[in-house]
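Below is one structure; the comments refer to it alone.
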Amino acid sequence: MSCNVPHHDLQHYIASSFYLLGTHLGEGNAAIPLAPKVTEQMRTDISSKITADPMVLPKAMYKLIKARCAAGMYDDALCPTFKQVENYIQYMRSRDSRLKSTVPSVRTELEKWRLNDNIGEQDPNKAFVFGVPYMGGEFQLGDGGLACFRLGSTAVALMAKYRRVVASNPGRVVLCHMDTTFSTNLSGYPVFVFGYSDFCGSFHLLCICITSTRTHEDVAWLLKELKATFMQVLNFNWTPSKIIGDADKAQYSGFVRELERHIPGIDYLMCFFHVLKNVRYH
């Protein structure tokens, strides 16, 4: 409800005021309006849920908090917004990652997926790590802070299949695709899915890369390391002429600023879905 009676308060003219539970806000005994926030009890519940299920999505956590608010389990506290719940979950995860580094565990795990020193003995169907320097008997991974966390994974069979497609179709363009769609990403880090399409429009995976950021430098790293890996493993000069991606500025900048000297003449094409989406909104 609104009150249209003019009020003067320290020379400030107020055209309307609001009521709260039937009490005029100008009265001395009026209650202060509550603002939605993540309360201490909500934080405890969120912490418990994340401990039990580290991969829980913010949307699922928000639905739980909303249902408990509706049931009166948080007394008179208002239900926080989805963004408030999401921000708190992100804060918790970033805090926990600073307190406990997972890099040593990742290094240990990656030893199982290291490319065989004798490439001829590498199982063609077994995934191996690329794009991570290997020195002093261990992978030199960044921790996601000042040193970016970046690693790629592919298999000899996937790379050899791409080479056969190119060799079997001289003079034809094989379209490569890069996607970083977060709505289907359940990990904490950005995931780059990279592959190519055949002449029927089917997608064929070439590699998957995980990075702690999503900048043009990460895009450039992916393409440069994949090119180097093709040469190392198959002695194949990987020079794609066209790559299709989403409407992401980081990807475009990666091609334009970094890749021209490594893959001359490469063209960036926006995927059909994002073309239609941009036409619709612009």
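Counting from 1 along the sequence shown, just add 4 to a position and that's the residue number in the numbering used here.
The beta carbon of each residue, even a glycine, is placed where N, CA and C say it ideally should be.
Helix, strand or coil at residue i according to DSSP, with G and I counted as helix
i	result
Gly124	helix
Ser109	helix
Ile54	helix
Val197	strand
Cys204	coil
Arg284	helix
His266	coil
Gly26	Model confidence at Gly26 stands at a pLDDT of 49, short of 50, so the residue's coordinates are unreliable; what they give is reported in the following sentence. Coil.
Leu209	strand
Phe240	coil
Asp183	strand
Val223	helix
Ala159	coil
Val60	coil
Val170	helix
Val133	strand
Leu103	Because Leu103 carries a pLDDT of 49, less than 50, the predicted location of this residue cannot be relied on, and the following value inherits that uncertainty. Reduced to three states, the DSSP call for Leu103 is helix.
Distance between beta carbons of residue j and residue i, contact taken as under 8 Å
i	j	result
Val136	Pro244	With 8 Å as the limit, Val136 and Pro244 do not qualify as a contact, their Cβ atoms being about 22 Å apart.
Ile214	Leu155	6 Å
Asp147	Val107	5 Å
Tyr78	Ile50	12 Å between Cβ atoms; not a contact.
Pro62	Glu90	4 Å
Met182	Phe207	With 8 Å as the limit, Met182 and Phe207 do not qualify as a contact, their Cβ atoms being about 11 Å apart.
Phe134	Thr217	That belief does not hold up - the Cβ atoms of Phe134 and Thr217 are roughly 19 Å apart, past 8 Å.
Cys83	Ser157	Rounded, the Cβ-Cβ distance is 41 Å, inconsistent with contact.
Leu230	Ile248	Not really, about 16 Å apart at Cβ, beyond 8 Å.
Opposing strand residues paired with residue i [DSSP bridges]
i	result
Glu142	Met139
Lys246	Asp271
Thr215	Arg154
Asp79	Answer by DSSP bridge pairing: none, since Asp79 is not bridged.
> With a cut-off of 8 Å, do at least 3 Cβ pairs link the segment 199-209 to the segment 127-145?
Replying inline: No: fewer than three Cβ pairs fall under 8 Å.
> So, do the segment 109-125 and the segment 62-74 have three or more beta carbon pairs nearer to each other than 8 Å?
Replying inline: The segment 109-125 and the segment 62-74 do not touch, with fewer than 3 CB-CB distances between them shorter than 8 Å.
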